[in-house]
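Q: Can you read through this structure? Questions will come right after.
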Amino acid sequence: MDIDAAILGRRSARDFTTQTVDDETIRRLIDAAVQAPSASNVQPWTFTVVRDQALLDRISDEAKSHLLAALPAGPESERRRASLTDEGFQLFYHAPALIVISGSSQRPWVAEDCALAAQNLMLAAYSVGLGTCWIGLAQGYLNTTDGKTALGLPEAWVPVAPIIVGHPKAETPPVARREPEIHWVG
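Counting from 939, one number per residue, gives the positions in the sequence shown under my numbering.
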């Protein structure tokens, strides 16, 4: 697939079939992720693959509780509170796989390095017909001791990019993009 087609076509998917994503495909996505640039070529990323739906349900419930406890007052929070208290809402949308990209270094730019790897992974997934979505709502919880324990992560690792992966039920329509604000200097 042409890189422009992948960039323009990739969308966040939140509705998946129950079809699993095989080991070879997940490995292919991770191989694409590690081709990302990193500061001083440190390559500080690690990849945790979760396919156990009971574990994903448990992490979703614990992350929702964690988010509710920290939710500030306000109209936006009330909308979020409604979804977080909905027992039918699962943070990972019942995707067949979650790949968590974590930083294994305390050096500067680890989050940026992992984000670059995440973008490569998501574009590679799209190129083979898979859907992905970065689940930002899970990040705070996954970076707690309980979250790291649930994933079997060492305490020093920092979960940066929890990305669900699966076969989308339907194509996600494009989202309107604002015209970029560009400042030309010189």
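C-beta atoms are modelled at their ideal positions from N, C-alpha and C, and glycine is treated no differently.
For the candidate residues Pro1013, Leu1022, Gln1028, Val1096, whose alpha-carbon lies nearest to that of Ile1039?
A: Residue Val1096 is the option with its Cα nearest to Ile1039.
Q: Going by the DSSP bridge assignment, what does Val1038 pair with across the sheet?
A: The partner list for Val1038 (beta bridge, DSSP) reads Thr986, Pro1100.
Q: Should the region 1050–1064 be called in touch with the region 1075–1093, which here means at least 3 C-beta pairs below 8 Å?
A: With a cut-off of 8 Å, the region 1075–1093 and the region 1050–1064 do not count as touching, because too few Cβ pairs lie within range.
Q: If you draw a straight line from the alpha carbon of Glu1093 to that of Trp1122, how long is it in whole angstroms?
A: Rounded to whole angstroms, Glu1093 to Trp1122 spans 44 Å at the Cα level.
Q: With a 10 Å radius around its C-beta and 16 neighbouring C-beta atoms as the bar for buried, classify Ala1099 as buried or exposed.
A: Flag for Ala1099 reads buried.
Q: Please classify Ser1015: does DSSP put it in a helix, a strand, or coil?
A: Ser1015: helix per DSSP, three-state reduction.
Q: Is the CB-CB distance between Asp1051 and Trp983 below 8 Å?
A: Yes, these two residues count as a Cβ contact at 8 Å.
Q: Could you tell me the alpha carbon to alpha carbon distance between Asp1110 and Asp942, rounded to whole angstroms?
A: The sequence shown places Thr at residue 1110, rather than the Asp named in the question. When rounded, the distance between both Cα atoms is 17 Å.
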